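Undergrad: For what it's worth, the working numbering labels the leading residue of the sequence shown as 698, then goes sequentially.
Don't be surprised by glycine CBs; every beta carbon is placed ideally from N, CA and C.
Quick caveat, the model's predicted, so the values are computed rather than measured.
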Amino acid sequence: MEKAKANRRTWVVVNYLCLLIMNVCFYFVFERPDMTHVVDVVGLAALAVVVISFFRLHAKTGLWKLTHAKTDALDERQVQVTHTALSSSYGWFAIICLVIMLVHAVLYRLVPGLNFVITVPLVGSLIYLAHTLPGSMLAWTETEVPGEVQ
698 MEKAKANRRT WVVVNYLCLL IMNVCFYFVF ERPDMTHVVD VVGLAALAVV VISFFRLHAK
758 TGLWKLTHAK TDALDERQVQ VTHTALSSSY GWFAIICLVI MLVHAVLYRL VPGLNFVITV
818 PLVGSLIYLA HTLPGSMLAW TETEVPGEVQ
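Pasting the structure below:
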């Protein structure tokens, strides 16, 4: 059980770390089109790891199904656990969005020559984060996850 939990935690870290790497690479490619293709390849490789780790962490374990299920389809414990994960993850999501907006406002006005833009990959990543953060909270905290193969 603890090994499965540690494995899920590893996938959570890999997933979000690669999401961050992808956004940084795509930002630099957007900002400086003359950059080397190595940055493109690293960004696309990070995106591939995000997709692979999503399927490994959320789809294969049943976390996606659990966090996106209607309450009628869940038992009492699942409703309680899912509600806790949803409320805490959306609190974290709000903080992340506010920090991004604050950094955008401060850097845009205070640092001349630095153009911090909200890119399409960043917006897509925030949508992805909103959908996967509750499942990641469950993967991090729960000992047993429904559908997970031991």
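If I'm right that residue 830 touches residue 786 with Cβ under 8 Å, what's the distance once you round it to whole angstroms?
TA: 4 Å
Undergrad: For residue 814, is the classification buried or exposed, using 16 other Cβ atoms within 10 angstroms of its Cβ as the cut-off for buried?
TA: exposed
Undergrad: Below 8 Å on the Cβ atoms is my contact criterion, and I expect residue 758 with residue 705 to pass it. Report the Cβ-Cβ distance as a whole number of Å.
TA: 7 Å
Undergrad: Please report the straight-line C-alpha distance between residue 733 and residue 775, rounded to a whole angstrom.
TA: 48 Å
Undergrad: Report the residue from 816, 763 and 790 whose alpha carbon sits nearest the alpha carbon of residue 676.
TA: Summary: the structure shown does not reach residue 676, with the chain confined to residues 698 through 847, and so no result is reported for it.
Undergrad: To which residues of the same chain is residue 772 closer than 8 Å at the C-beta, ignoring the five residues directly before and after it?
TA: none
Undergrad: Which ranges does the alpha helix (DSSP H) cover as unbroken runs of at least 4 residues, wholly within the stretch 708-753, from first to last along the chain?
TA: For the stretch 708-753, whole alpha helix (DSSP H) runs of length 4 or above, ordered along the chain, are 734-751.
Undergrad: Measure the alpha-carbon distance for residue 765 versus residue 809 and round it to whole angstroms.
TA: 43 Å
Undergrad: For residue 789, collect the residues of the same chain with a Cβ closer than 7 Å to its Cβ; drop the 5 residues on either side in sequence, then sort them by chain order.
TA: 830
Undergrad: Excluding five sequence neighbours on each side, which residues of the same chain lie with their C-beta closer than 6 Å to the C-beta of residue 819?
TA: Cβ neighbours of residue 819 beyond the five flanking positions: 720.
Undergrad: What is the rounded straight-line gap between the Cα of residue 715 and the Cα of residue 782?
TA: 22 Å
Undergrad: Please classify residue 703: is it buried, with 16 or more other beta-carbons within 10 angstroms of its beta-carbon, or exposed?
TA: exposed
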